[in-house]
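Undergrad: Below is a structure I'd like to ask you about.
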Amino acid sequence: PIPRASERRGGGRVSVRRRLSLVGWNDGGMSLPTASENDVRRGGLVRFEHSALDGRTREGAVEIDQGLDEIPAELERFDPTARWVWDAARPFCRWLCENRSYVDDKVVLELGAGTGLVGLVAAALGARRVYLTDLPFHLDLLERNSKMSGLAARCTIQACRWGNSEHIKQLPAADVLLCCDLLYAHDEEVINALIETLTQLTHERSTVLVAYHYRENLISSDSLFFEQCAKVMGDPVQHTLRDARDCAINDLWFFEYCNKRTAEPARDETRRVPSAT
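Heads up, the sequence shown is in our numbering, so the first residue is 759 and it goes up one at a time.
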């Protein structure tokens, strides 16, 4: 059965899948993320709590809005999949909280940030600067969530369409790249653009963290990303995402790639952090 995310509004329960059908989006069989009861009651707000955030954020939590009410009627240039906290996000956030050294005092960049939850948790854990990137029409949501979480001073919100050289050159080579739930049956052109973007936004000491929700019917297309990534960075280390309540633990893959490109000159690091916080 397909899991359904839903929200409560004005005493009535409105299926997110139904909301998409009303605006004419055909999901092509996509399994929408399962909303927790807390998310349902709060009408699209998502709250992530962890003891590692105590004293670092208000109430030891990062809270964001999924912006479900803002899906426009015209979807020609709008990707609605950015409007959810997908299944790997919370386990990824928990792993970061338990392995804070990966992001502490680091320049962190999240590709396809969507709501920004993972990157905002990294900011709360002490990242020196976090770049939250996505397509241009999702930046308003990222701006709002960075302010809502009280972490805007540590974050830079910037457009990054994969493979777009103008977008890429405006961003730094990051110490840590966060890639959470980025893959869903993309074609070869999109995968190549993602790999090119990842390559351009890392330096020779970078770490790339990839959280992926395995789907048997899609792995034949998604596997191209992992093959290409291994060519650029070598074989990854696989970590375990514990307490994955949002989907079966065996369906979550979590890889750490360490950049092995020692022959190439490092990116100009004078552009890396615009201001200290």
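Where a beta carbon is used, it is the ideal one built from N, C-alpha and C, also for glycine.
On a predicted model such as this, the values are computed, not experimentally measured, just so you know.
Beta strand (DSSP E) containing V948: first to last residue?
TA: First-last for V948: 946-958, but that is the alpha helix (DSSP H), not the beta strand (DSSP E).
Undergrad: Answer yes or no: do R890 and W920 have a C-beta to C-beta separation smaller than 7 Å?
TA: In the sequence on display, residue 890 carries Leu and not Arg. Contact: no.
Undergrad: Judging by CA-CA distance, which residue of Q916, A988, E856 is the nearest neighbour of V968?
TA: A988
Undergrad: Express the C-alpha separation of T815 and W842 in angstroms, rounding to a whole number.
TA: The alpha-carbon of W842 is positioned some 22 Å away from that of T815.
Undergrad: Quick one: what's got a C-beta closer than 6 Å to C1016's C-beta in the same chain, skipping five residues either side?
TA: T965
Undergrad: How far does the alpha helix (DSSP H) with F850 in it reach, from first residue to last?
TA: 847-856
Undergrad: Could you spell out the range, first to last residue, of the alpha helix (DSSP H) harbouring D898?
TA: 897-906
Undergrad: Apply the 10 Å Cβ neighbour rule to R887 and answer buried if 16 or more other Cβ atoms are within range, or exposed otherwise.
TA: Classification of R887: buried, given that the 10 Å Cβ count is 16 or more.
Undergrad: Cβ atoms of P894 and A917: under 7 Å apart, would you say?
TA: yes
Undergrad: Are three or more beta carbon pairs between the segment 855-871 and the segment 816-826 nearer than 8 Å?
TA: no
Undergrad: Alpha carbon to alpha carbon, how far is T957 from F983? Give it in angstroms, no decimals.
TA: 13 Å
Undergrad: Using the three-state DSSP reduction, which class does D1009 fall into: helix, strand or coil?
TA: helix
Undergrad: Within the same chain, show all residues whose beta-carbon is closer than 8 Å to that of N784, passing over the 5 residues directly before and after it, in chain order.
TA: Unreliable placement is indicated for N784, whose pLDDT of 42 sits below 50; the coordinate value is still reported in the next sentence. The same chain holds no residue with a CB closer than 8 Å to that of N784 once the five nearest residues on each side in sequence are set aside.
Undergrad: When DSSP labels each residue in this structure, what does L811 get in the three-state scheme?
TA: helix
Undergrad: Relative to the alpha-carbon of A931, which residue among I949, E954, E947, V995 has its alpha-carbon at the smallest distance?
TA: E954
Undergrad: Compare the C-alpha of C938 against each of W844, L826, E821 and name the closest.
TA: W844
Undergrad: Alpha carbon to alpha carbon, how far is D993 from E985?
TA: 9 Å
Undergrad: Around the Cβ of V995, are there at least 16 other Cβ atoms within 10 angstroms (buried) or fewer (exposed)?
TA: exposed
Undergrad: Does DSSP classify R799 as helix, strand or coil?
TA: Low confidence applies to R799: its pLDDT is 38, below 50, so where it sits in the model is not reliable, and the reading given next is rough at best. R799 falls in the helix class under three-state DSSP.
Undergrad: Is any non-hydrogen atom of the ligand NAD found closer than 6 Å to the C-beta of Q996, if you look at the structure I gave you?
TA: Looking at this structure, you won't find the ligand NAD or any other ligand, since it has none at all.
Undergrad: Could you tell me if R852 is buried or exposed, where buried requires 16 or more neighbouring beta carbons within 10 angstroms of its beta carbon?
TA: buried
Undergrad: How big is the Cα-Cα spacing for K905 and F806?
TA: 16 Å
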